[in-house]
Each structure stands twice: as structure tokens, then as C-alpha cells.
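Numbering (this note's numbering), first residue to last: 5 to 113.
Just so you know, even glycine gets a beta-carbon here, dropped at the ideal spot from N, CA and C.
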Amino acid sequence: YLLDKLLGEAWLTSVPIVARAQFEWSEQRVGLFLCVVSGLVLPASHVCSIAFATVATHERERTIIAVMMCTVLLGGGLLLCVARPFASAASYVAGAVIFFVSTNLLEAA
């Protein structure tokens, strides 16, 4: 739980810095991006709670948590590829959505 909160807070704090430095996003675009990503958590949580209830009858809870940890690592990996040769706003946005939603779903699992 502590690591989950720490990762989420580190990501939220770094978005304005990285997005403005790497992709030259305006403050308004960064704010809109954070708003949209945060808005995805509730629908994703609803869909995943239904999926968790279905899968939980067949799989152990730790299997579900392991899958969620893998999605967090995938999102984190995409976020870390912001070095100039690999930098693209699309990969950053995809990584951010996967990372942020997965960390919140991991907390709910």
C-alpha cells in the first residue's frame, strides 16, 4: 500500500516537469491530461471489479495482484522511455494511463 501511494505521488509530481520539458506542453494541456487520466480511474475500477469477481472464482487473489503488478511495470517502463531518441508523446500518454489506472486498481484488488 505504501509503495503504491509513493509511486502514484511520484508520477503526479513529475508529470508537469516531464511533459513541459520533453513535449513542450502548456500548463493547460498538462492540467487537462491529469484531469482525463484521473477521470479514467472510476470507470476502470468498475469494469475491473466486475472482472475481478468473475476471475476470482477461478484464480487465486495473488494471481490477480501479480497481473496488476505486471501492468504497473509495463506502464512504468513506458514512462521511463522519455529519453530523446525514444521520446514520443503517445508512448508517454499510454504509459501514464496504464501506470496510473493500474496503481489505483492494484490498491482496490
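Distance CB(T67)-CB(S106) smaller than 8 Å: no
Where S46 falls: helix, strand or coil (DSSP): Residue 46 is actually Leu in this sequence, not Ser. The answer is helix: DSSP assigns L46 an H, G or I state.
Buried or exposed by the 16-neighbour rule on C-beta atoms within 10 Å, applied to I69: exposed
Own chain residues within Cβ distance below 6 Å of G80, not counting five before or after: F103
Spatial neighbours of S42 in its chain, beta-carbon cut-off 8 Å, leaving aside the 5 residues before and after: F104
A91, DSSP secondary structure in three states: coil
CA-to-CA distance, C52 to T58, given in whole angstroms: 10 Å
Contact set for G12: own chain, Cβ-Cβ below 8 Å, skip 5 residues either direction: F104, T107 and N108
Separation of F27 from Y96, as counted between CA atoms: 10 Å
Same chain, Cβ closer than 8 Å to M73, five either side skipped, listed in chain order: L110
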